[in-house]
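Sequence positions in the sequence shown follow numbering that gives the first Met the number 0 and run 0 to 113. We put the CB at the ideal spot given by N, CA and C, even for glycine.
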Amino acid sequence: MERTTSPLDSVATLAKGASVLVHEALYVPALEAYVRSRIAAGVPIRFEDYMAHMKIDHSPVEEVGRVAQQAGVKTLVLSHLTPGIDGIPDTDWRGQAAKHFTGEIVVARDLMVL
């Protein structure tokens, strides 16, 4: 199965020497809650199948922090946030990434300029 944006050591290798790593991020607890709410509302999806797909094609934010630390970058920018719903505080995104990354963490939002 193809892994499109999952956390890969090769990304850390490519990012070596960079100041900034921009990486998509998946916040698993929020996505699980969102999918459960959609199922409760009658959307015909299987929780296990949907979550398996998302975990293959996206990078859990905690693992993004690991990749950034391995790369040695100074700043990690979390982008293409999944789930793309309002209400997830930036502190939650940063807290997950900070489990493995000790540099600056920016949570990118639409129209943000760095």
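Endpoints, beta strand (DSSP E) assigned at residue 24: Note, residue 24: beta strand (DSSP E), 19-25.
Measuring only the C-alpha atoms, how far is residue 82 from residue 25? 7 Å
Whose C-beta lies closer than 8 Å to the C-beta of residue 73 among residues of the same chain, with five residues either side of it excluded? If you ignore the 5 residues before and after residue 73, its C-beta comes within less than 8 Å of the C-beta of 18, 19, 102 and 103, all in its own chain and listed in chain order.
Specify, as a first and last residue, the run of the beta strand (DSSP E) that residue 104 falls within. 103-106
What's the C-alpha gap between residue 29 and residue 37? 12 Å
Mind checking residue 64: buried by the 16 CB within 10 Å criterion, or exposed? buried
With residue 9 as the anchor, note down where its beta strand (DSSP E) starts and where it stops. Run containing residue 9: none in the beta strand (DSSP E); it sits in the alpha helix (DSSP H), 8-14.
Thinking C-beta only, is residue 76 closer than 8 Å to residue 10? Residue 10 is not a Cβ neighbour of residue 76, given a cutoff of 8 Å.
Closer than 6 Å by C-beta to residue 68: which residues in its own chain qualify, once you throw out the five before and the five after it? Chain order, please. 99 and 100
Taking residue 78 as the reference, give the member of 70, 86 and 92 with the closest Cα. 92
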